[in-house]
Amino acid sequence: MIVESPAKAKTIEKFLGRRYVVRASMGHVRDLPKSQFGVDVEHDFEPKYITIRGKGDIIKELRTMAKNASRILLGPDPDREGEAIAWHLLHLLGLEEDEPCRIEFNEITKNAIQQAVKKPRKIDEDKVDAQQARRILDRLVGYNLSPLLWRKVRKGLSAGRVQSVAVRLICDREQEINEFVSEEYWTLTIDFSSSGGGEFPAKLVTREGEKIAIPNEETMKSILAELDRAEYRVEKIIKREKKRNPAPPFTTSTLQQEAYRRLNFTARKTMMVAQQLYEGLDIGLEGTVGLISYIRTDSTRISPIAQAEARSYIENKFGSAYVPPEPRQFTMKGKAQDAHEGIRPTSVAREPEAIRKLVSPEQYKLYKLIWERFLASQMNAAILDTTTIDIAAGPYGFRATGSVVRFPGFMQVYIESRDDGAMEEEGFLPELAEGERLMPAAIKPKQHFTQPPPRYTEATLVKTLEERGIGRPSTYAPTIDTIISRGYVVRRDKQLFPTELGFIVVEMLKKYFPDIIDIEFTAGMEEKLDLIEEGKLSWKEVIREFYQPFLQTLKQAEEQIGAIELADEITEHQCEHCGRFMVIKHGPFGKFLACPGFPECRNTKPILEEIGVKCPRCAGPIVLRHTKKGRKFYGCSNYPECDFVSWDLPTNQRCPQCGNLLVQKGNQRQGWRLVCTEKTCQYQEIINDLNYQKDKEGELL
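Going by the numbering used here, the residue at position 24 of the sequence shown is 418; the numbering climbs one at a time, nothing skipped.
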């Protein structure tokens, strides 16, 4: 059997016994060449595939083993990419086109693997065609547009179907924010006290039965003057029971969103950790086993076997009242392919705490999130008692609402987060009677200003891409990585800001390549790729329909676009050699300082951001640095003479036990603590100063 990764191969081999040998292809083995176009547009877009550099020895070993095997099974991931990998392996190993060699499994467990090897099938040509169409489309766009951007804007840029639309969304949002005109408005809340002694807040909502708007302070003063003589009475009390249903199991998109909101994981980190959980981890007596089902899915469907196991667990753990009469079925969105189940634990009986010490902290946190979400999705609804109290004061109407959880249901395990971070307010209201007179204990007029739409975070961008039908589950994380690494977007305080370069490229694409940057057009192309997979469209027909108009537009753009000057950002740093003020340049590994006098003066140096802490070894300033992959760390500015480094934020404080430097660890959700850098010293202290926490949190972000 051939799969993609060594971790997956190691897990599966233990389930199949001595008759099977499982090897890894290490992902794709063939692809379009990087150094040339690789698509023969003159011969109906025939792709030219070559062996990926560095895969020669792997292919040689697989061919040798295949000759000695009585049977060959191809088991890459159950999606388009996996089907394409299997198809390339079939050709490289000389297997017949119609040979039943492809196996699929949604989870890496003993039962799933043993069942899969009993049901091999032929390669699904439609899935392969859909993957080829996406790959060739991306090549046609990327290898034609990117050189144009190099010539007209700056070297090192790239453009693609999905990434260009993602940058457009971020630029359009920034433009909305810049053009937003804030408007003043006021609200009025009164804390009332009842005859029984209870106190509660109510908000002004109506005047003479119509919804009220308070645009300014003068209007508020007028209302307060009228209310000064008013009598407040309970006009109406409405009590009702409200059911609240659980969120469905995770899809790829919702997992990325919730992991970002709860765990502060980027989309890339979420997928990396989820892949580890899917491929299998050694968890002690059980050995190596896949902990979750397949992670690239847009479906919320769950297998009857997994549902039955969850219902049994819920009844034993929480009681029969928490088990719904029938297994829950969740409605999926129209664009969902429903090729796989939703993301779930392979066994709900494998509780997060049972494996906590056997896996990494990141693996535990993500597994716990997936386990709780799945379990909650199979539980009974929560029941809340909600009360609405309408209060009359002359022509004005106030309203107080409260809710009390009567039966927690799924909320016993998990409640979904919100993008704005807000929590639902739930609280008691005192027992009142209609007609009862109330006394105002505190009157609270408050001025507000309307706010512009919020900038995208990774979570809200993924949500928008999914809702608009842009890309597919496997593309969200690499898309975000690409637009940041190319300098079109920067991540600051968790928000995504477009750069000047991002605006320039988007405006150029809007003007000369409206289809490439058009949201509806890109979503429509995704639907065509789905139709190819379903066997309803020819992939070459789709490419042909796209390419000719695109080629014509490309020629016009080449003629009409002049060179675009992207001004360098001037800094306060003076060049030591010639005295000019240095400018910020962009290189393969990020920004750096360079003398504008090039080529006469070739002075360059890294951008060093001091954090206000002295190095404990040489007393030089400690600066913020970045690895080649963009991860932050802290190091001495006198490197390489001094090699002090720290992943955690150094502070100016010293350990009271050993005198070594203290660093800050933690996060906003769990809190911050100071920890000694000396490994043999166990000293740490909780930071209770809220202002200190906020300042340091800002530095970290």
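Glycine included, every Cβ here is placed at the ideal spot set by N, Cα and C.
Just so you know, these numbers come straight off a predicted model, no measurement behind them.
Keeping to the same chain, check which residues put their C-beta closer than 7 angstroms to that of residue i; ignore five residues upstream and five downstream.
| i | result |
| --- | --- |
| E756 | V667 |
| P409 | Per the sequence presented here, residue 409 reads as Phe, with Pro not at that position. If we look at F409 and ignore the five residues flanking it on each side, its Cβ neighbours are K504, I507 and Q508. |
| G829 | R627 and V628 |
| R800 | I777, L778 and D779 |
| V397 | A403, I406, V416, A418, G469 and P470 |
| R705 | V717, P721 and Q772 |
| D909 | F915 |
| R638 | A775, A776 and L778 |
Mind checking residue i: buried by the 16 CB within 10 Å criterion, or exposed?
| i | result |
| --- | --- |
| K762 | buried |
| W544 | exposed |
| N774 | buried |
| F431 | exposed |
| T1021 | exposed |
| A776 | buried |
| M817 | Any reading at M817 is ruled out, since the residue's pLDDT is 47, under 50, leaving its predicted position unreliable. |
| R849 | buried |
| R555 | buried |
| H485 | exposed |
| V1039 | exposed |
| C1052 | exposed |
| P847 | exposed |
| I937 | buried |
| W933 | buried |
| G956 | exposed |
| F792 | buried |
| A700 | buried |
| P1044 | buried |
| W481 | buried |
| T694 | buried |
| S687 | buried |
| E652 | buried |
| E475 | buried |
Suppose the cutoff is 6 angstroms on Cβ atoms and the five residues either side in sequence are ignored; what does the same chain contact list for residue i look like?
| i | result |
| --- | --- |
| K904 | I911 |
| I1080 | R1067 |
| C1012 | N1032 and C1036 |
| Y808 | E766, R767 and A770 |
| F891 | V884 |
| T795 | T782 |
| K1059 | D1042, R1067 and V1069 |
| P990 | R974 and V977 |
With C-beta atoms as the reference, is residue i less than 9 angstroms away from residue j?
| i | j | result |
| --- | --- | --- |
| F897 | E568 | yes |
| P470 | N500 | no |
| M395 | V423 | no |
| S399 | T876 | no |
| L752 | L675 | yes |
| P643 | R767 | yes |
| T648 | A871 | no |
| K1008 | I1016 | yes |
| V856 | Q525 | no |
| D520 | R496 | no |
| T873 | G881 | no |
| L679 | I913 | no |
| Y758 | I606 | no |
| G591 | P824 | yes |
| F804 | P640 | yes |
| V433 | R533 | yes |
| V547 | V899 | yes |
Any heavy atom of the ligand MG inside 8 angstroms of the beta-carbon of residue i?
| i | result |
| --- | --- |
| T780 | This structure lacks the ligand MG, and indeed carries no ligand of any kind. |
Since residue i sits in a beta bridge, which residues does DSSP pair it with?
| i | result |
| --- | --- |
| G1029 | V1017 and V1039 |
| W580 | I608 and Q841 |
| A403 | Note: A403 sits in no beta bridge, so no partner. |
| Y626 | L832 |
| G1060 | W1066 |
| S797 | T780 |
| A787 | Y790 |
| T600 | K605 and G791 |
In its own chain, which residues sit with a C-beta less than 8 angstroms from the C-beta of residue i, not counting the 5 before and 5 after it?
| i | result |
| --- | --- |
| K985 | I978, K979 and I1001 |
| E673 | S399, A401, K402, T405, I502 and G684 |
Query raised in the report: For the 8 angstroms Cβ check, are there 3 or more pairs between the segment 653–662 and the segment 735–745?
Result: no
Query raised in the report: Would you call the segment 623–635 and the segment 772–789 in contact, with 3 or more CB pairs under 8 angstroms?
Result: yes
Query raised in the report: Is the segment 568–587 touching the segment 833–842, taking contact as three or more C-beta pairs under 8 angstroms?
Result: yes
**Report entry** At least 3 beta-carbon pairs within less than 8 angstroms: the segment 532–547 vs the segment 943–959
**Finding:** yes
Query raised in the report: Do the segment 439–458 and the segment 964–972 meet, that is, are 3 or more Cβ pairs less than 8 angstroms apart?
Result: no
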